[in-house]
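Here's the structure we're looking at; comments come further down.
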Amino acid sequence: THHRRVRRFHSDVAVAVAVLAIHQLLLYSVPAYWLVSDALANRLGSAAAALFGRKLSIGPTFAGVDFLVLTGVLLGRTLRGAPLMRWFGTAAAVCLAHLTYLGLLVFAPELGSRLGGLVPWNLPLLAAVLHLAVLGWVLRTTGVGISTRGNPGSSERTGPTRPVWLKVLGILALPAAAVALAVVVTLPFGTCSLRGKKVVAHERCYGNWDHPKHGDYGRLSIGMYGMLAPFVESLGGTFRRSTELSAADLDDADVLLLLYPHKPWQPGQLARIERFVRRGGALLLLGEHTSEEEGGGNRFNEVLEPTAIRVPFDSAMFAIGGWLQSYAPFAHPATIGVGDQRNDFGVVIGASVAARWPARPLLVGRWGYNDPGDPRTESKMGNQRYDAGERLGDIVLVAEQELGAGVVVVFGDTSTFTNGITIGTHDFNARLLGYLANRPGSPQVLWRQLLGALLGLGIGALLVWRGTWRDTITVCVTLSATLLLCVHSGHRAATLLPDGRGARPNNLAYVDGAHFGRFDDEAWRLDGTMGLKMTLMRNGFLTLELHEFTRERLQRAGLVVSIAPRRRFTAAECAMVREFVAEGGIFVLTSSYHHRAGAEPLLRAFDFAIGPLDPAAPEPQPLSHFKAPYSRFGDYMAYVRFHEGWPVTCAAQEGLQPLAYGADDSTVGYLRYFGKGALVVIGDSCFALNKNLELENGQLFEGARENADFWRWLLSRLRDSQTWTPPRPVVAEAK
Numbered sequence: 060t061h062h063r064r065v066r067r068f069h070s071d072v073a074v075a076v077a078v079l080a081i082h083q084l085l086l087y088s089v090p091a092y093w094l095v096s097d098a099l100a101n102r103l104g105s106a107a108a109a110l111f112g113r114k115l116s117i118g119p120t121f122a123g124v125d126f127l128v129l130t131g132v133l134l135g136r137t138l139r140g141a142p143l144m145r146w147f148g149t150a151a152a153v154c155l156a157h158l159t160y161l162g163l164l165v166f167a168p169e170l171g172s173r174l175g176g177l178v179p180w181n182l183p184l185l186a187a188v189l190h191l192a193v194l195g196w197v198l199r200t201t202g203v204g205i206s207t208r209g210n211p212g213s214s215e216r217t218g219p220t221r222p223v224w225l226k227v228l229g230i231l232a233l234p235a236a237a238v239a240l241a242v243v244v245t246l247p248f249g250t251c252s253l254r255g256k257k258v259v260a261h262e263r264c265y266g267n268w269d270h271p272k273h274g275d276y277g278r279l280s281i282g283m284y285g286m287l288a289p290f291v292e293s294l295g296g297t298f299r300r301s302t303e304l305s306a307a308d309l310d311d312a313d314v315l316l317l318l319y320p321h322k323p324w325q326p327g328q329l330a331r332i333e334r335f336v337r338r339g340g341a342l343l344l345l346g347e348h349t350s351e352e353e354g355g356g357n358r359f360n361e362v363l364e365p366t367a368i369r370v371p372f373d374s375a376m377f378a379i380g381g382w383l384q385s386y387a388p389f390a391h392p393a394t395i396g397v398g399d400q401r402n403d404f405g406v407v408i409g410a411s412v413a414a415r416w417p418a419r420p421l422l423v424g425r426w427g428y429n430d431p432g433d434p435r436t437e438s439k440m441g442n443q444r445y446d447a448g449e450r451l452g453d454i455v456l457v458a459e460q461e462l463g464a465g466v467v468v469v470f471g472d473t474s475t476f477t478n479g480i481t482i483g484t485h486d487f488n489a490r491l492l493g494y495l496a497n498r499p500g501s502p503q504v505l506w507r508q509l510l511g512a513l514l515g516l517g518i519g520a521l522l523v524w525r526g527t528w529r530d531t532i533t534v535c536v537t538l539s540a541t542l543l544l545c546v547h548s549g550h551r552a553a554t555l556l557p558d559g560r561g562a563r564p565n566n567l568a569y570v571d572g573a574h575f576g577r578f579d580d581e582a583w584r585l586d587g588t589m590g591l592k593m594t595l596m597r598n599g600f601l602t603l604e605l606h607e608f609t610r611e612r613l614q615r616a617g618l619v620v621s622i623a624p625r626r627r628f629t630a631a632e633c634a635m636v637r638e639f640v641a642e643g644g645i646f647v648l649t650s651s652y653h654h655r656a657g658a659e660p661l662l663r664a665f666d667f668a669i670g671p672l673d674p675a676a677p678e679p680q681p682l683s684h685f686k687a688p689y690s691r692f693g694d695y696m697a698y699v700r701f702h703e704g705w706p707v708t709c710a711a712q713e714g715l716q717p718l719a720y721g722a723d724d725s726t727v728g729y730l731r732y733f734g735k736g737a738l739v740v741i742g743d744s745c746f747a748l749n750k751n752l753e754l755e756n757g758q759l760f761e762g763a764r765e766n767a768d769f770w771r772w773l774l775s776r777l778r779d780s781q782t783w784t785p786p787r788p789v790v791a792e793a794k
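For the sequence shown, the residue numbers in the numbering used here are 60 to 794.
What follows is the structure, encoded as structure tokens:
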């Protein structure tokens, strides 16, 4: 019947989608499969270049490999039983459609100059339209898409009755294979850890080992790698810098860190580095895009000589800043469960990484291109525009290779481990260092790659050959559920929690991002929080963003700052904060009256309110922008600035101390000691933002730096035995 034919066609579509899903799983779980797909993409690009007389270099994404898989499977299922000429005609139509798409890609640089950002990034949509047009033409002109001839999923199969045990085996085989596939290609065996491990960094790098210091303000005062030592120590490891990379320095090291080495290697250093890795050490090398000597050499590629990895003289350019929604991480202990909604991998504009077998990609940027460097320019970067012949899509950003008993991981960019970016990428950084130091079982070992590829291709082949809609549902549900469990388990096993309790006092500070505070994610914008984070660093804190509000993370922290939270604190989270403060933690909450909804449950838990305590009372009057004294020091007062102040009230009296007053003696900030710790509530959502604390250029606020001094005074009062005294205000002379 017509209904049955339509159902069978829908089954064909489901099989095609399932096979595409398996292809995608293998593509970013089995590096060897990706390398083969990338080689196929290069062949397609070369064919189009030869046909149209223009250079074209593309990866699997822009080569449209996904479309070829989906269309090929669907047409293969729907054309069963069709005449041979129909197969040839359909194949020719698919090739023509795909060549049309590739031809437009060839001329993408010219089209992009006219259409702006639409090209080349949206051209894969055209490939989808062209393939759909071919499918529609085949189905409409032949009707084979709803044919019953030779349908392997037909219920009209006949043949000898099989034994019960064989039927049971047949029923269980596909789901068992799906479970095995998910486990083999995604699940790490073991945990990442830096506990008791030693990280040695080569001190002679292109950069500095500074960190924010009092008296130096603005973007350039953040330093580059000075926060690496406290970060590694918070994870239980030991961090050392070495100028010579002597045998004694490397003998007991677990990880060697080379951050953009740019000076000539001393005699014996390269040999010692290679020997360290081959004997079981881990090398983490971060290159850059602005280094090439006459003849094409550079220091980091000299280190990589024994490997199949190189850092080219180019820039890996992204379509969207920070590679947002562009990352394609491979299944790996360091990357499993890390998303791409934010720049959680920390790569900005560095070089690409060239990796050939046995090296393998670890992180790929799908929506970007390689821009060759230009040694004639001051920055040595190219024209920052996509041109013919430049690699388009699927840019390798991080690669890995075993070398002897050790391993080498290479970045084309140093940004991930800099002071400012580690604040947000600390989860990935910790997991990567923990992986290198402890070496848990990775899904990327050769035997798991081969087994995973065989399982995936075998399941796909069975679905194409004999798959029914029941088989498809079974595989999809089983595979999805197992993948969820594997990713969850792998993510937990690989997660390392920074711990500030080893320092006295606790030096770990979090800026709450789990409650979607009212601040800009772009750290140096006026509504950003980089000024706050650098202020905390100047006061001795290892400052990180808090992405998961959990008891385990709070227990290890000394300070948490929450800025006008949008997401309401739950009862469980309020209990966590009370426990955190009672055990000695410091919690700072800033919020204006009209932003108080997210913070209200937490405020009530400590008997606070922004505005009146009685909800039925009239709304408070805003205090607006003003300065207020917060303490007297001898013959002068120290002042603090508020951007949009609101009165704060508290029902409790024990341990309560006002910090500053607004108009009509209304209190705009309170400090309440609670248990061994303290809670600070300030009625101003903008109090800790850059526009009220520290600007990108470091300029003064009306000739003063009052709020930076206030934070220093407050933190010393809460943490140190001796409270720091702010300097006497400088009065500008009248002209």
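All C-beta atoms in this analysis are idealised placements derived from N, C-alpha and C, irrespective of residue type, glycine included.
Item                                                                                                              : Value
Inter-stretch contact (C-beta, 8 Å, three-pair minimum) for the stretch 558 to 575 and the stretch 248 to 255     : no
Among 773, 770, 118, nearest to residue 420 - alpha-carbon criterion                                              : 118
Through-space distance from residue 407 to residue 748, alpha-carbon basis                                        : 24 Å
Pair within 8 Å by beta-carbon distance, residue 369 and residue 330                                              : no
Start-end ranges of the beta strand (DSSP E) lying completely within the stretch 601 to 640, minimum 3 residues   : 601 to 605, 618 to 622
Member of 310, 77, 69 whose CA lies at the smallest distance from the CA of residue 521                           : 77
Neighbourhood of residue 458 by C-beta, 7 Å cutoff - its chain only, sequence neighbours within 5 removed         : 368, 412, 414, 418, 419, 420, 421, 469
Nearest neighbour of residue 347, chosen from 742, 338, 188, 376 [CA to CA]                                       : 376
CB-CB length for residue 499 against residue 247, believed under 8 Å                                              : 5 Å
For residue 159, three-class secondary structure by DSSP                                                          : helix
Residue 737 burial status per 10 Å Cβ neighbour count (16 or more: buried)                                        : buried
Local Cβ density within 10 Å of residue 502, reported as buried at 16 or more and exposed below that              : buried
The beta strand (DSSP E) enclosing residue 649, as first and last residue numbers                                 : 645 to 649
Exposure label - residue 217; buried when at least 16 CB within 10 Å                                              : Note on residue 217: pLDDT 49, under 50, position unreliable in the model; the coordinate value appears next. Residue 217 should be labelled exposed.
Residue 741, buried or exposed, once every other Cβ within 10 Å from all chains shown has been counted against 16 : buried
Closest residue to residue 268 among 436, 299, 662 (Cα-Cα distance)                                               : 299
Residue range of the alpha helix (DSSP H) that includes residue 777                                               : 765 to 778
contact_flag[the stretch 664 to 679, the stretch 747 to 763] where n(CB pairs < 8 Å) is 3 or more                 : no
Beta strand (DSSP E) runs wholly inside the stretch 307 to 340, at least 3 long, in chain order                   : 314 to 318
Whole-angstrom distance between residue 752 and residue 398, CA atom to CA atom                                   : 31 Å
Whole-number beta carbon distance between residue 84 and residue 515, since they are thought to touch under 8 Å   : 7 Å
Buried or exposed by the 16-neighbour rule on C-beta atoms within 10 Å, applied to residue 506                    : exposed
Identity of the residues DSSP links to residue 720 by a beta bridge                                               : 726
DSSP state of residue 440 mapped onto helix, strand, coil                                                         : coil
Residue from 473, 615, 519, 294 with nearest C-alpha to residue 359                                               : 473
Three or more C-beta pairs below 8 Å linking the stretch 551 to 570 and the stretch 106 to 122                    : no
Residues that residue 696 bridges to, as DSSP identifies them                                                     : 691
CA-to-CA distance, residue 456 to residue 492, given in whole angstroms                                           : 17 Å
Range covered by the beta strand (DSSP E) that runs through residue 374                                           : 373 to 377
Where residue 488 falls, given that 16 or more other Cβ within 10 Å makes a residue buried                        : buried
Residues that DSSP places opposite residue 140 in a beta bridge                                                   : None, per the DSSP bridge assignment.
Touching by the beta-carbon criterion (3+ pairs, under 8 Å), the stretch 146 to 161 and the stretch 435 to 454    : no
Range of the contiguous alpha helix (DSSP H) that encloses residue 273                                            : No alpha helix (DSSP H) holds residue 273; DSSP gives it neither H nor E.
Proximity of residue 432 and residue 385 at Cβ, strictly below 8 Å                                                : no
Environment of residue 23 [buried if 16+ CB atoms lie within 10 Å]                                                : There is simply no residue 23 to check, as the chain begins at 60 and stops at 794 in what is shown.
Extent of the continuous alpha helix (DSSP H) to which residue 590 belongs                                        : 589 to 597
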